[in-house]
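A.B. asks:
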Amino acid sequence: MAARTSAGPGYRDAVARLSTAQKTSKGAPAYSRYINRRLGRYLAALAHQAGLRPNQVTAISAVCTFSGIATAVLAGPGPLAAIVIPALLILGYALDSADGQLARLTGGGSPAGEWLDHTVDAFKVGSIHLAVLVCWWRFFPLETAWLLVPLIFQVAATVHFVSTLLMDQLRRGNRAHHGTLVAGDGHSSALYSLAVVPTDFGLMCLVFFLFAWPAAFVGVYSALCAATVAFLLLALRKWYREVKAWN
157 MAARTSAGPG YRDAVARLST AQKTSKGAPA YSRYINRRLG RYLAALAHQA
207 GLRPNQVTAI SAVCTFSGIA TAVLAGPGPL AAIVIPALLI LGYALDSADG
257 QLARLTGGGS PAGEWLDHTV DAFKVGSIHL AVLVCWWRFF PLETAWLLVP
307 LIFQVAATVH FVSTLLMDQL RRGNRAHHGT LVAGDGHSSA LYSLAVVPTD
357 FGLMCLVFFL FAWPAAFVGV YSALCAATVA FLLLALRKWY REVKAWN
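Residue numbers for the sequence shown follow the numbering used here, so the first one is 157 and each next one is one higher.
What follows is the structure in structure tokens.
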């Protein structure tokens, strides 16, 4: 009974501490900013109570995410898949937020942990649209030309992921050099978070709720692909001009 009593306040205290130790909202899309970080906060507090380490949470996140991706390839569309796949992806994405929050809660992460987290993310970004491609090819009654959509989405998502990481590193270096905030630091407005939501992996997770209805899934997925490409073209131009201005 005593252990159970101490666990409750410990969990609540962890959630409270995490709520004041969140990453900057700069550039964060709406789902990640308002939903995923909150889910990650609760999961990080639970992981802390369970005595898990950040790298273990990262591993559990990877298992959930890649189980969801594999289900899309192996099971094909259907009502059960439309529940299982997004549930696994959403849980995996929330745990992806939880590992970093757990690291902050326990006194900071390590370079090895950051490397592992980004490597898992790279595999995730590099595989989910290929999984959609295989799924469309195996199960969806589509003309061959439609298979270009997940290929284009894969390229856009990969370029966006790599460019975002690179910009983060370049901004850190520039900030350390000048000792001041530069473009890209600080916070973003709620309106900006909504505007960039097509780039949010969380939105991709939600699209799989349409997996039981191939026509709806293809339509929404294709629209999301077009929005991601449009955003990427604008962002690449902005990022290049930002970095060029540092010269």
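The C-beta atom is built at its ideal place from N, Cα and C for all residues, glycine as well.
This one's a predicted model, so the numbers in the text were calculated from it and none came from an experiment.
DSSP three-state call for F222: helix, strand or coil?
C.D. replies: If DSSP states are grouped into helix, strand and coil, F222 belongs with the helices.
A.B. asks: Which residues in the same chain have their Cβ closer than 6 Å to the Cβ of Y167, if we skip the five residues on either side of it in sequence?
C.D. replies: Excluding positions up to five away in sequence, the list reads A201 and Q205.
A.B. asks: Got a sec: is the Cβ-Cβ distance from T214 to anything in chain B below 8 Å?
C.D. replies: Absent from the structure is chain B; it holds one protein chain and no more.
A.B. asks: Pick out whichever of R260, A250 and G207 has its Cα sitting closest to the Cα of C361.
C.D. replies: Checked all of R260, A250 and G207; the closest Cα to C361 is A250.
A.B. asks: Got a sec? Which residues, its chain only, sit under 7 Å from G282 by beta carbon, not counting five neighbours each side?
C.D. replies: Taken in chain order, the residues that qualify are T314.
A.B. asks: Going by C-alpha distance, which of L388, I191, A254 and A243 is nearest L208?
C.D. replies: L208 has its Cα closest to that of A254, out of L388, I191, A254 and A243.
A.B. asks: Roughly how many angstroms separate the alpha carbons of W260 and D252, rounded to a whole number?
C.D. replies: It should be noted that the sequence gives Arg, not Trp, for residue 260. The alpha-carbon atoms of R260 and D252 are separated by roughly 14 Å.
A.B. asks: Taking DSSP as the reference, what is the three-state secondary structure of N192?
C.D. replies: Helix.
A.B. asks: Taking A346 as the reference, give the member of Y198, T320, V399 and R189 with the closest Cα.
C.D. replies: Considering only alpha carbons, the answer is R189.
A.B. asks: By alpha-carbon positions, which one of P267, A386, C381 and S319 ends up nearest to V288?
C.D. replies: Comparing Cα positions, the closest option is C381.
A.B. asks: Go through the stretch 197-267 residue by residue and report every complete run of the alpha helix (DSSP H) that reaches 4 residues or more, in order.
C.D. replies: Runs of the alpha helix (DSSP H) inside the stretch 197-267: 210-231 and 237-261.
A.B. asks: What does the Cβ neighbour count give for S266, buried or exposed, with the cut at 16 atoms within 10 Å?
C.D. replies: Exposed, because fewer than 16 other Cβ atoms sit within 10 Å of the Cβ of S266.
A.B. asks: Excluding the 5 residues flanking Y187 on each side, which residues of the same chain have their C-beta closer than 7 Å to its C-beta?
C.D. replies: These residues qualify, in order along the chain: V353, D356, G358 and L359.
A.B. asks: With three or more C-beta pairs closer than 8 Å as the rule, is the stretch 320-330 touching the stretch 284-302?
C.D. replies: No, the stretch 284-302 does not touch the stretch 320-330.
A.B. asks: Out of curiosity, what's the CA-to-CA distance linking A379 and H274?
C.D. replies: Going by the C-alpha atoms only, they are around 27 Å apart.
A.B. asks: For the candidate residues W395, G256 and A238, whose alpha-carbon lies nearest to that of A215?
C.D. replies: Among W395, G256 and A238, the Cα nearest to that of A215 is on G256.
A.B. asks: Buried or exposed for K400, please, with buried defined as at least 16 other CB atoms from any protein chain shown within 10 angstroms of its CB.
C.D. replies: Exposed, since its Cβ has fewer than 16 Cβ neighbours within 10 Å.
A.B. asks: For the pair the stretch 365-376 and the stretch 238-248, tell me if three or more CB-CB distances fall below 8 Å.
C.D. replies: Contact between the stretch 365-376 and the stretch 238-248 is present, because at least three Cβ pairs lie under 8 Å.
A.B. asks: Check this for me: beta carbons of A278 and L388, under 8 Å apart or not?
C.D. replies: Not closer than 8 Å, so no.
A.B. asks: Flag this pair as yes or no: are the beta carbons of A218 and V290 separated by less than 8 Å?
C.D. replies: For A218 and V290, no; Cβs fall outside 8 Å.
A.B. asks: To the nearest angstrom, how far is it from the Cα of I308 to the Cα of T227?
C.D. replies: Roughly 22 Å separates the two Cα atoms.
A.B. asks: Could you have a look at S162 and say whether DSSP puts it in helix, strand or coil?
C.D. replies: Residue placement at S162 is poorly supported in this model, since its pLDDT is 39, which falls under 50; the coordinates still yield a value, given next. Three-state DSSP puts S162 in a helix.
A.B. asks: Over the uninterrupted alpha helix (DSSP H) stretch that includes S283, give me the two end residues.
C.D. replies: Per DSSP, S283 belongs to no alpha helix (DSSP H) and is neither H nor E.
A.B. asks: Considering just the uninterrupted stretch of the alpha helix (DSSP H) at S378, what are its terminal residues?
C.D. replies: Its alpha helix (DSSP H) spans residues P370 to K400.
A.B. asks: For the alpha helix (DSSP H) holding F367, just list the boundary residues, first then last.
C.D. replies: Run containing F367: none; DSSP gives neither H nor E here.
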